[in-house]
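Residue numbers (this note's numbering): 82 to 127.
Written out below as structure tokens is the structure these notes cover.
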Amino acid sequence: MIRNLVKEEKVDFLAIQETKLEVVNDALCYGIWGGEDCSWVFLPSV
Numbered sequence: 082m083i084r085n086l087v088k089e090e091k092v093d094f095l096a097i098q099e100t101k102l103e104v105v106n107d108a109l110c111y112g113i114w115g116g117e118d119c120s121w122v123f124l125p126s127v
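What follows is the structure in structure tokens.
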């Protein structure tokens, strides 16, 4: 669903606050963005 919105709306910037995952990795971020042409940062919850 998010990936479709990114593609349809031609998003340049996307911020997501994930609260249930303990780890966010390359595969998840690239899958959401629809490719590897992106940068991302993960900060673990306290």
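Every residue, glycine too, gets a C-beta built ideally from N, C-alpha and C.
Around V87, the same chain offers L95, I113, W114 and G115 as residues with beta carbons nearer than 8 Å, after the five sequence neighbours per side are excluded. The residue from V92, T100, E89 and R84 with its alpha-carbon nearest to that of S126 is T100.
Taking a contact as a CB-CB distance under 8 Å, the pair E117 and Y111 counts as one, their CB atoms being some 5 Å apart.
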